[in-house]
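Have a look at the structure below, then the notes.
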Amino acid sequence: MTRLFDHMGQIITEVDTAALGLPATPAGWGLVSCTEATGRRYTIAVEADYAANLLAAQAALTGVLNVPEQAVRWVRLGHPDEWGADPHATLWAPVYPIGTVPPEPTEDVHDDRP
7 MTRLFDHMGQ
17 IITEVDTAAL
27 GLPATPAGWG
37 LVSCTEATGR
47 RYTIAVEADY
57 AANLLAAQAA
67 LTGVLNVPEQ
77 AVRWVRLGHP
87 DEWGADPHAT
97 LWAPVYPIGT
107 VPPEPTEDVH
117 DDRP
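Pasting the structure below:
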């Protein structure tokens with residue numbers, strides 16, 4: 007797993023994809039507002055059932071939740087409350103589109119294990 011963000015804020019499990027500029031998907035979308043230690047704010051889009059699981063985990067656990075980068079389908083700068091009326095003020099960038107396979111991890115060339 008990759009630590010994707012330092013602070014997870016609001017998790018939205020029901021999303022109007024047309025209003026936010028995300029492509030429609032039968033699985034639906036969930037959004038997670040994130041803030042890095044540097045203060046940079048962004049929002050990730052994950053499948054709706056994954057967002058529901060994050061919401062349940064956030065309520066049950068303390069500390070930082072780690073989200074594998076492969077779970078992130080789209081990313082957009084800022085949080086939803088900052089985007090204003092124009093859903094395309096900042097565009098969504100694809101991360102791992104549904105159905106793609108992430109690259110295999112490469113071995114460390116300095117790994118001395120047999």
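Quick note: the sequence shown uses the working numbering, first residue 7, plus one each step. C-beta atoms are modelled at their ideal positions from N, C-alpha and C, and glycine is treated no differently. It should be emphasised that the depicted structure is a prediction, and the values quoted were computed from it without experimental measurement.
Range covered by the alpha helix (DSSP H) that runs through residue i
i: Tyr-56; result: 54-66
Per-residue DSSP class, three states only, for residue i
i: Ala-25; result: helix
i: Ala-99; result: strand
i: Phe-11; result: The pLDDT assigned to Phe-11 is 43, lower than 50, so where the model puts this residue is not dependable, and the model offers no usable value.
Close-in-space but distant-in-sequence residues of the same chain around residue i (CB under 6 Å, 5 per side omitted)
i: Leu-60; result: Ile-17
i: Trp-89; result: Ala-95
Neighbour flag for residue i against chain B, beta carbons, 8 Å
i: Pro-100; result: Here chain B cannot be found, since the structure has a single protein chain.
Boundaries (first-last residue) of the beta strand (DSSP E) holding residue i
i: Thr-41; result: 35-41
i: Val-81; result: 80-83
Beta-carbon proximity list for residue i, same chain, < 8 Å, skipping 5 on both sides
i: Val-78; result: Leu-10, Ile-50, Ala-51, Val-52, Val-101, Tyr-102
i: Leu-28; result: Val-21, Trp-35, Ala-51, Trp-80, Trp-98
Strand pairing of residue i, partner residues [DSSP]
i: Ala-51; result: Leu-37, Trp-80
Own chain residues within Cβ distance below 7 Å of residue i, not counting five before or after
i: Leu-67; result: none
i: Ala-63; result: Leu-71
i: Tyr-48; result: Cys-40, Val-81, Arg-82, Leu-83, Gly-84
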